[in-house]
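Novice:
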DNA sequence: GTCTATAAGATGATAGAC
DNA sequence: GTCTATCATCTTATAGAC
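Protein chains in written order, with my numbering: chain G, 7 to 221; chain U, 7 to 221.
#1: Taking any Cβ of chain G, which residues in the region 179-199 of chain U have a Cβ under 8 Å from it, in chain order?
#2: Are the CB atoms of residue 108 of chain U and residue 135 of chain U nearer to each other than 8 Å?
#3: How would you write the range of the alpha helix (DSSP H) that residue 133 of chain G sits in, first residue to last?
#4: Mapping the DSSP letters down to three states, classify residue 287 of chain U as helix, strand or coil.
#5: Are residue 178 of chain G and residue 131 of chain U close, meaning C-beta to C-beta below 8 Å?
#6: If I'm right that residue 157 of chain U touches residue 139 of chain U with Cβ under 8 Å, what's the distance once you round it to whole angstroms?
#7: List, in chain order, every chain U residue whose beta-carbon is nearer than 7 Å to that of residue 87 of chain G.
#8: Measure from the C-beta of residue 158 of chain G to each C-beta in chain U and report whether the shortest distance is under 8 Å.
#9: Whose C-beta lies closer than 8 Å to the C-beta of residue 125 of chain G among residues of the same chain, with five residues either side of it excluded?
#10: With a CB to CB cut of under 6 Å and the five nearest residues on each side skipped, what residues in its chain are close to residue 65 of chain G?
#11: Which chain G residues sit within Cβ distance under 8 Å of residue 168 of chain U?
#12: Strictly under 8 Å for the Cβ-Cβ distance: is residue 32 of chain U near chain G by that measure?
#13: Quick one: Cα of residue 113 of chain G to Cα of residue 119 of chain U, how far?
#14: Under 8 Å, Cβ to Cβ, is there at least one residue of chain U near residue 210 of chain G?
#15: Return the first residue and the last residue of the alpha helix (DSSP H) that residue 56 of chain G is part of.
#16: Please tell me whether residue 213 of chain G has its Cβ less than 8 Å away from any Cβ of chain U.
#17: Tell me whether residue 149 of chain U sits in a helix, a strand or coil according to DSSP, three-state version.
#18: Less than 8 Å separating the beta-carbons of residue 154 of chain U and residue 90 of chain G?
#19: Looking at the unbroken alpha helix (DSSP H) that takes in residue 12 of chain G, where does it start and where does it end?
#20: If you scan the region 24-49 of chain G from start to end, which runs of the alpha helix (DSSP H) of 4 or more residues do you find wholly inside it?
#21: For a quick check, are the C-beta atoms of residue 74 of chain U and residue 172 of chain U less than 8 Å apart?
#22: Nearest CA to the CA of residue 187 of chain G: which residue from U/209, U/164 and U/12?
#23: Measure the alpha-carbon distance for residue 105 of chain G versus residue 78 of chain G and round it to whole angstroms.
#24: Count the other CB atoms within 10 Å of the CB of residue 197 of chain U; is the residue buried (16 or more) or exposed (fewer)?
#25: Between residue 87 of chain U and the rest of its own chain, which residues show a CB-CB distance below 7 Å, the 5 nearest in sequence each way excluded?
#26: Kindly say whether residue 62 of chain U, judged by its beta-carbon, lies nearer than 8 Å to any beta-carbon of chain G.
#27: Taking its Cβ as the centre, do 16 or more other Cβ atoms sit within 10 Å of residue 3 of chain G, making it buried, or is it exposed?
#28: Helix, strand or coil: how does DSSP classify residue 194 of chain U here?
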């Protein structure tokens, strides 16, 4: 990968840092906690990454790049809304199992007191939303929904909501499953509006004009 | 308030604990950090609450009760979807300023390693979703949307999404504002479906039957 | 590049004076 | 009920041997 000589210990630390964030949370992500999981000496973190925050930063960026790369092809193949929902379902389950969403949730809640982690969190959200946005934009093209849907904003809303749902799942798994089911059910609404075609489009347009005046 | 004799120090610690979670996050919520903010001795936390976790637990439950109580009347007065969106907008801004959503986000991300905090997080989500659910249920009654909308699940999804958006806002304020705008814009879609009345209802019903078969 | 040892400080929690 | 003082442990980070 270009310049970066990939030392074995470095790689172990990157993997262990992400895993620690996923499984033990930000509270457990201490130098000793990470090094212990990696099976290496604690001092090596400071040799390779200067600070714990910078290790976490590098680990999260790496994990996000890898995760997004994995979905690039599937995202590119999506052209319809039902297709997007199907990919979204798979993505949700896979990412839950791997723990990337949990990692991002921990990263974001720790970002408040740590500028370095804040940078990593911003990067993670930027990369994810960029990917989601391109798909949403493509799928909405030609749909009556394009009248009211802003793909850039929706991509951000969806990504952020995933973070919240992940945290919720850690606290009340049944409740979170219930929430996800109800969101999926709402997909039917989208399909119906799509099927209604010109009728929906006209109704949305006139409604928007009225709202614009009120504003 | 019933049995609990409200000691002044106890009250100061409860307030300081919630504030610390809001402003310094879970990482800053140490015994010394909280006691310092309350202007009392650190050892008093253990005298009054036995452990730091139990102080945070009590503080969050208290803050959530207070916050929900504040909206009970406004929620009860809502009967229409536009009315619900208006209350939601006000709620979002007020709670952002007060910091209760941030507090809950920190609580939930710390809940993974701490059973006591997990209990507090569960309680907070339960209280909030119960309140939201009753409004959503009432507002959807009679609407074609009731065909696809599950108020219990949606209330959970909305509450969880608020948490995620709060964390996102801490990392990228512009992006979060963009996300919220796009969600508000989506409210128009809901109004249109409502206006379509029987047409939308029929379309949703037949679509649901088709989907049921596919499943 | 990796180790041991250690500094310098923060943390949860307790004992005991007042 | 509140304080001081303290313990044992954990933290980040560094120095220096190998």
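The C-beta atom is built at its ideal place from N, Cα and C for all residues, glycine as well.
If you're wondering where the values come from, they're calculated on a predicted model, not measured in any experiment.
Specialist: In this structure, then:
#1: 181, 182, 184, 185, 186, 187, 188, 189, 191, 192, 194, 195, 197, 198 and 199
#2: Here residue 108 of chain U corresponds to residue number 102 of the second chain, with the count starting at 1. Here residue 135 of chain U corresponds to residue number 129 of the second chain, with the count starting at 1. Against a cut-off of 8 Å, the Cβ pair of residue 135 of chain U and residue 108 of chain U comes out as no contact.
#3: Along the first chain, read from residue 1 onward, the residue named residue 133 of chain G stands at position 127. Note, residue 133 of chain G: alpha helix (DSSP H), 121-146.
#4: This structure leaves residue 287 of chain U out entirely; chain U is present only between 7 and 221.
#5: Your numbering for residue 178 of chain G matches position 172 in the first chain. Your numbering for residue 131 of chain U matches position 125 in the second chain. It is a contact, given that the beta carbons lie within the stated cut-off.
#6: Indexing the second chain from 1 puts residue 157 of chain U at position 151. Indexing the second chain from 1 puts residue 139 of chain U at position 133. Right, their Cβ atoms sit about 5 Å apart.
#7: For the purposes of this step, residue 87 of chain G is taken as the residue at position 81 of the first chain. By Cβ distance, chain U contributes nothing, its closest Cβ being about 13 Å from residue 87 of chain G, past 7 Å.
#8: Within the first chain, residue 158 of chain G is the residue found at index 152, counting from 1. Yes, contact with chain U.
#9: Taking the first residue of the first chain as position 1, residue 125 of chain G is located at position 119. Excluding sequence neighbours, residue 125 of chain G sits near 63.
#10: Sequence index remark: in the first chain, residue 65 of chain G carries index 59 (1-based). Answer for residue 65 of chain G: 20, 23 and 24, listed in chain order.
#11: For the purposes of this step, residue 168 of chain U is taken as residue 162 along the second chain, with counting starting at 1. Going along chain G in sequence order, the residues near residue 168 of chain U (Cβ under 8 Å) are 170.
#12: Position 26 of the second chain, counting from 1, holds the residue named residue 32 of chain U. At least one chain G Cβ lies under 8 Å of residue 32 of chain U.
#13: As a working note, residue 113 of chain G is residue 107 in the first chain. As a working note, residue 119 of chain U is residue 113 in the second chain. About 15 Å.
#14: Position 204 of the first chain holds residue 210 of chain G. Closer than 8 Å to some Cβ of chain U, the Cβ of residue 210 of chain G qualifies, so yes.
#15: Position 50 of the first chain holds residue 56 of chain G. Residue 56 of chain G -> no alpha helix (DSSP H), and no H or E assigned at all.
#16: Here residue 213 of chain G is taken as the residue at index 207 of the first chain, counted from 1. Closer than 8 Å to some Cβ of chain U, the Cβ of residue 213 of chain G qualifies, so yes.
#17: For the purposes of this step, residue 149 of chain U is identified with residue 143 of the second chain, where counting begins at 1. In the structure shown, residue 149 of chain U sits in coil (DSSP, three-state: anything other than H, G, I, E or B).
#18: Reading the second chain from its first residue, position 148 is the one you call residue 154 of chain U. Reading the first chain from its first residue, position 84 is the one you call residue 90 of chain G. Going by C-beta atoms, residue 154 of chain U is not nearer than 8 Å to residue 90 of chain G.
#19: On the first chain, position 6 is the one that residue 12 of chain G refers to. Note, residue 12 of chain G: premise wrong, no alpha helix (DSSP H); not H, not E.
#20: 37-44
#21: What you label residue 74 of chain U is simply residue 68 of the second chain in a count that begins at 1. What you label residue 172 of chain U is simply residue 166 of the second chain in a count that begins at 1. Result no, Cβ atoms of residue 74 of chain U and residue 172 of chain U do not sit closer than 8 Å.
#22: Locating residue 187 of chain G in the first chain gives position 181, where the first residue counts as 1. Of U/209, U/164 and U/12, the residue nearest in Cα terms is U/164.
#23: The residue you call residue 105 of chain G lines up with position 99 of the first chain. The residue you call residue 78 of chain G lines up with position 72 of the first chain. C-alpha separation (whole angstroms): 18 Å.
#24: Working through the second chain from its first residue, we reach residue 197 of chain U at position 191. Buried.
#25: Translated into positions along the second chain, residue 87 of chain U becomes position 81. So the list reads 145, 196, 197 and 200, once near-sequence residues are dropped.
#26: Your numbering for residue 62 of chain U matches position 56 in the second chain. Chain G contact via Cβ: absent.
#27: This structure cannot speak to residue 3 of chain G, because chain G is shown only from 7 to 221.
#28: Residue 194 of chain U sits at position 188 when you count from the first residue of the second chain. Three-state DSSP puts residue 194 of chain U in a helix.
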